[in-house]
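If you use numbering that gives the first Met the number 0, the sequence shown closes out at 39, no skipped numbers anywhere.
Have a look at the structure below, then the notes.
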Amino acid sequence: MRRIMGIDYGQKRVGLAVSDPLRIFAIPLETVTVDKVTGF
Numbered sequence: 000m001r002r003i004m005g006i007d008y009g010q011k012r013v014g015l016a017v018s019d020p021l022r023i024f025a026i027p028l029e030t031v032t033v034d035k036v037t038g039f
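Below, the structure is given as structure tokens:
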């Protein structure tokens, strides 16, 4: 099965998560500060 990626946009940080293969649980991948995201 395919996995789903979730993006949680916040004012200070952006959180990234991916689902397990059965799409039941979200597994956190990384938290990135907004400065690093908007700087590109």
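Every residue, glycine too, gets a C-beta built ideally from N, C-alpha and C.
Being a predicted model, the structure only gives us computed values, none of them experimental.
| Check | Outcome |
| --- | --- |
| Span separating the alpha-carbon of V33 from that of Y8 | 9 Å |
| Beta-carbon proximity check, M4 vs L15, cutoff 8 Å | yes |
| Residues that DSSP places opposite L15 in a beta bridge | I6 and E29 |
| Beta-carbon proximity of V17 to I26, cut-off 8 Å | yes |
| Short Cβ contact (8 Å threshold) for V31 with R2 | no |
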